[in-house]
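K.L.:
In UniProt numbering, the protein residues as written are 1 to 377.
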DNA sequence: TTTCGACCTCTTAA
DNA sequence: ATTAAGAGGTCGA
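1. On the CB-based measure, 16 or more other CB atoms within 10 Å of its CB, does residue 73 come out buried or exposed?
2. According to DSSP, simplified to helix, strand and coil, what is residue 90?
3. Have a look at residue 64 and residue 180 and give me their C-alpha separation to the nearest angstrom.
4. When you compare only the Cα positions, how much space is there between residue 370 and residue 156?
5. Where residue 314 and residue 206 are concerned, what is the direct C-alpha to C-alpha distance, given to the nearest angstrom?
6. Mind reading off the beta-carbon distance from residue 204 to residue 168? Whole number of angstroms is fine, and I expect it under 8 Å.
7. Could you tell me whether the region 98-110 touches the region 226-242, using the rule of 3 or more Cβ pairs below 8 Å?
8. Quick one: is residue 4 buried, meaning 16 or more other Cβ sit within 10 Å of its Cβ, or exposed?
9. On the DSSP bridge assignment, give the partners of residue 39 in chain order.
10. Going by DSSP in three states, residue 64 sits in which element: helix, strand or coil?
11. For residue 139, tell me which candidate among 62, 200, 199, 24 has the shortest Cα-Cα distance.
12. Determine the DSSP secondary structure at residue 234, reduced to helix, strand or coil.
13. Spatial neighbours of residue 7 within its chain, please: C-beta separation below 6 Å, excluding the five flanking residues on both sides.
14. Taking the beta carbon of residue 210 as the centre, do at least 16 other beta carbons fall within 10 Å, making it buried, or is it exposed?
15. Sorted by chain position, which residues of the same chain lie with C-beta nearer than 6 Å to residue 107's C-beta, five sequence neighbours on each side aside?
16. Can you tell me which of the three DSSP states residue 12 falls into?
17. Quick one: what does DSSP say residue 355 is sitting in, helix, strand or coil?
18. If we call anything under 7 Å between Cβ atoms a contact, is residue 27 one with residue 306?
19. How many angstroms separate the CA atom of residue 212 from the CA atom of residue 233?
20. Can you name, in chain order, every residue of its own chain whose Cβ lies under 6 Å from the Cβ of residue 128, other than the five neighbours on each side?
21. Do three or more CB pairs link the region 44-52 to the region 131-150 at distances below 8 Å?
22. Helix, strand or coil for residue 251 per DSSP?
23. Grab the span of the alpha helix (DSSP H) containing residue 290 for me, first residue to last.
24. Name the DSSP bridge partner or partners of residue 380?
25. Give every residue of the same chain whose Cβ lies closer than 6 Å to the Cβ of residue 242, excluding the five residues on either side of it in the sequence, and list them in chain order.
26. Determine, using beta carbons only, whether residue 125 and residue 218 come nearer to each other than 7 Å.
27. For residue 236 versus residue 192, is the C-beta distance shorter than 7 Å?
Shown next as structure tokens:
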């Protein structure tokens, strides 16, 4: 089946939004990039995005079950909400640069100037809870892989585009069954399999956890960050760090700074933090407060940029570090095809591995394309 | 009440 | 090629 793809445009500079940074900097893990087009599935459609210097271009493909009669408008509303477009990023960057200049008077370049267009997303709360349960003791690459296999295994089929099948993110009722844990372990979730199944079942268990529901989770958006924190750490697999990530990335608590050992080091090295240098509850809260006081109402956003500036992955495909162009040369390309059987279906996975030289250094960029070739009863 | 080891798997660096 | 450390932690003893 072919779908007519209609692209629409929205004036938006790359300084306000850099898709390739925002979608790869460790806050969202479910976007695909196929032929320079970013794609993502919501509960009722596939969203497609690309951009040039001055415009964001968007298109959508509805699920066959969708009855939406005003697709262009609802897609634009989703985009405006998801990317927090009411927040003017350039102003914040300016403000943060001043803070950095004050703390590091000697440094020539700020981390903010070198990494423009990184803004906080406003993601779906349930999805964000699961994403960040997966994030513990883990890396961006593996988290992305886990998210995709979770949707593929349990999510409702939305539609197909360019040979790729898209699935919605599975709701709690689909993940609450006890047998989910074993299956997730098979899929490589490790000890997080138990956390996800248990947390999902908490949302389904009205007897023991009447206060934990999808409605009450969404209502946290209108409550304080302290209330959100208290609620979230009750969930299985959610500690203080993960709770703060969730709070920041989907519950509108823009000033919350999730702290890890890495952030502690940055706070000590660059931002004059004087306090405990090993991580514990006291240190956690002190660092969090210190950075919040320093960077203000959008401290969590500032921290995302600092984290992104340190992510080596993020430099792939973005041709700038300290104002110097990075050379990309395709050195080699490998295509691997393998069959995978799941319950009731056989699928072909095509793995394309592109080996590049980035400024002389060998890097492997992997794009996963899943193609369904056959379905059996 | 705080500290510390175990925990799954995968990627990266040596 | 092979190995070891580390990954934006959490849990329970």
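Just so you know, even glycine gets a beta-carbon here, dropped at the ideal spot from N, CA and C.
P.N.:
So, from the data block:
1. Of the residues assessed, residue 73 falls on the exposed side of the cut-off, its CB having fewer than 16 other CB atoms within 10 angstroms.
2. For residue 90, the three-state secondary structure derived from DSSP is helix.
3. Between the alpha carbons of residue 64 and residue 180 lies a distance of about 27 Å.
4. Residue placement at residue 370 is flagged as unreliable, the pLDDT there being 34, under the threshold of 50; a coordinate-derived value is accordingly withheld.
5. In this model, residue 314 and residue 206 are separated by some 42 Å (Cα to Cα).
6. Not a contact, Cβ separation roughly 18 Å.
7. Verdict: no, contact absent.
8. So residue 4 counts as exposed.
9. Answer is 32, 48, bridged to residue 39.
10. Residue 64: coil per DSSP, three-state reduction.
11. Comparing Cα positions, the closest option is 24.
12. DSSP places residue 234 in coil when its eight states are reduced to three.
13. Excluding sequence positions up to five before and after residue 7, its CB lies within less than 6 Å of the CB of 57, 59, all in the same chain and listed in chain order.
14. Label assigned to residue 210: exposed.
15. So the list is empty, once near-sequence residues are dropped.
16. DSSP places residue 12 in coil when its eight states are reduced to three.
17. Because the pLDDT of residue 355 is 41, which lies under 50, any placement of that residue in the model is unreliable, and the number read from its coordinates should be weighed accordingly. Here residue 355 sits in strand by DSSP.
18. Residue 306 is positioned such that its CB atom lies no closer than 7 Å to that of residue 27.
19. If you take the alpha carbons of residue 212 and residue 233, they lie about 12 Å apart.
20. Exclusion of the five residues before and after residue 128 leaves 246, 249, 250 as the residues of its chain whose Cβ lies within less than 6 Å of its Cβ.
21. The region 44-52 is not in contact with the region 131-150.
22. The DSSP-derived three-state label of residue 251 is coil.
23. Residues 281-295.
24. The question about residue 380 has no answer, for the chain in this structure spans 1 to 377.
25. Once the five neighbours on either side are set aside, the close Cβ partners of residue 242 are 132.
26. Taking 7 Å as the Cβ cut-off, residue 125 and residue 218 qualify as a contacting pair.
27. Cβ atoms of residue 236 and residue 192: not closer than 7 Å.
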